[in-house]
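Peer 1: Note that our numbering numbers the sequence shown so that position 215 is 219, with each residue one more than the last. Note that CB positions come from ideal geometry on N, CA and C, so glycine has one too.
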Amino acid sequence: MSSSTAESGPSTNAAHLMTSAVVFTIPVLKLAWTLGGGDAARDALLAMGPANWLDVVIGMFFAEPVLAFVLAAVACHFTYAYQAAHGGAARHRDRAPAATAAAAAILPAAAGIVVGAFNGLGWGLATGVLGYAMRLGVVTEYRTGGRSAETGHRTGRPATTLPTRAAAAIRIVAVVLATTVLPVLAVSAALNGRSWTSVLHCDVNTGSGPQRARVVELDRSAPGVVGWDVPAHEVVSGTNCAVDPDDVIRPPWWRG
Numbered sequence: 005m006s007s008s009t010a011e012s013g014p015s016t017n018a019a020h021l022m023t024s025a026v027v028f029t030i031p032v033l034k035l036a037w038t039l040g041g042g043d044a045a046r047d048a049l050l051a052m053g054p055a056n057w058l059d060v061v062i063g064m065f066f067a068e069p070v071l072a073f074v075l076a077a078v079a080c081h082f083t084y085a086y087q088a089a090h091g092g093a094a095r096h097r098d099r100a101p102a103a104t105a106a107a108a109a110i111l112p113a114a115a116g117i118v119v120g121a122f123n124g125l126g127w128g129l130a131t132g133v134l135g136y137a138m139r140l141g142v143v144t145e146y147r148t149g150g151r152s153a154e155t156g157h158r159t160g161r162p163a164t165t166l167p168t169r170a171a172a173a174i175r176i177v178a179v180v181l182a183t184t185v186l187p188v189l190a191v192s193a194a195l196n197g198r199s200w201t202s203v204l205h206c207d208v209n210t211g212s213g214p215q216r217a218r219v220v221e222l223d224r225s226a227p228g229v230v231g232w233d234v235p236a237h238e239v240v241s242g243t244n245c246a247v248d249p250d251d252v253i254r255p256p257w258w259r260g
């Protein structure tokens, strides 16, 4: 089967597009809002360098348990659905159900471990269970004839049994999570005014002598850090830093 013949439908394509947009654009919004404007975001990004850009993504998505939970579940579902629609289901149609179920558990287990490492055992277990259930929904659609293994299209066969109804419900939940819940959570996290990384109190010198300042860490470079001076609104080098437990940089957008 050629990949061009596989199609998941408009709602699934929209979910794919929305998930990609969230991953790539929301961290930019986070940086701009938290530091206070386009110039600040540009200066901070240049100071961070491309190698540290991933820190924004990691810090943002794994400091927000609900956001990480939803993103991981959506990723588990749509990566599996995409692979199945583009030849995976046809290649493995003769595989034993137990083997298929075991293979489907690999990514949800990995996602659960990652989310759990950042946010605790409960969130990790919930992520793994939901991600696995999402993948089993895709397996059920193909095993029961709800989708064609040859084309990836829905066959139009009505959902009359408990497994087929469950698979249909899972598909709807996945689309709603990807197109509505995920973007709302992501925008809320981007505009909540909290730092995505460590907030420090450091000695800085901007030309008027050493002084103590509150700094958002952008990069570590011995003997100190490169950071964003919150009161001075500029990139600075800091030394003798101590962690500030308060990670709020500015009020959230809905209170501003």
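Do C206 and V229 have their C-beta atoms closer together than 8 Å?
Peer 2: Taking 8 Å as the Cβ cut-off, C206 and V229 qualify as a contacting pair.
Peer 1: Using only the alpha-carbon positions, how far apart do E3 and R151 sit?
Peer 2: Outside the displayed span of the chain (5 to 260) sits residue 3, for which this structure offers no information.
Peer 1: In three-state terms, what does DSSP make of E238?
Peer 2: Note: E238 maps to strand in three-state DSSP.
Peer 1: Alpha carbon to alpha carbon, how far is T243 from R46?
Peer 2: Cα-Cα distance, rounded: 23 Å.
Peer 1: Can you give me the C-alpha to C-alpha distance between A108 and A88, rounded to a whole angstrom?
Peer 2: The alpha-carbon atoms of A108 and A88 are separated by roughly 11 Å.
Peer 1: Go ahead and pull the three-state DSSP assignment for R97.
Peer 2: It is coil, neither helix nor strand.
Peer 1: Measure how close the beta-carbons of W258 and V60 come, nearest whole angstrom, since I'm counting them as under 8 Å.
Peer 2: Rounded, the Cβ-Cβ distance is 21 Å, inconsistent with contact.
Peer 1: From A171 to L75, what distance separates their C-alpha atoms?
Peer 2: Cα to Cα, A171 sits roughly 20 Å from L75.
Peer 1: Return the chain-ordered list of same chain residues with a C-beta closer than 8 Å to the C-beta of L129, the five sequence neighbours on each side being excluded.
Peer 2: If we look at L129 and ignore the five residues flanking it on each side, its Cβ neighbours are G116 and G120.
Peer 1: Mind checking G41: buried by the 16 CB within 10 Å criterion, or exposed?
Peer 2: Exposed, by the Cβ-count rule.
Peer 1: Starting from S212, trace the alpha helix (DSSP H) in both directions and tell me its first and last residue.
Peer 2: Premise fails: S212 is in no alpha helix (DSSP H) and is neither H nor E.
Peer 1: Which of the three DSSP states, helix, strand or coil, is assigned to G149?
Peer 2: Correct three-state label for G149: coil.
Peer 1: Spell out a yes or no on whether the stretch 28-39 and the stretch 189-197 are touching, meaning 3 or more CB-CB pairs, one atom from each, closer than 8 Å.
Peer 2: Touching, yes, given that three or more Cβ pairs across the two stretches are closer than 8 Å.
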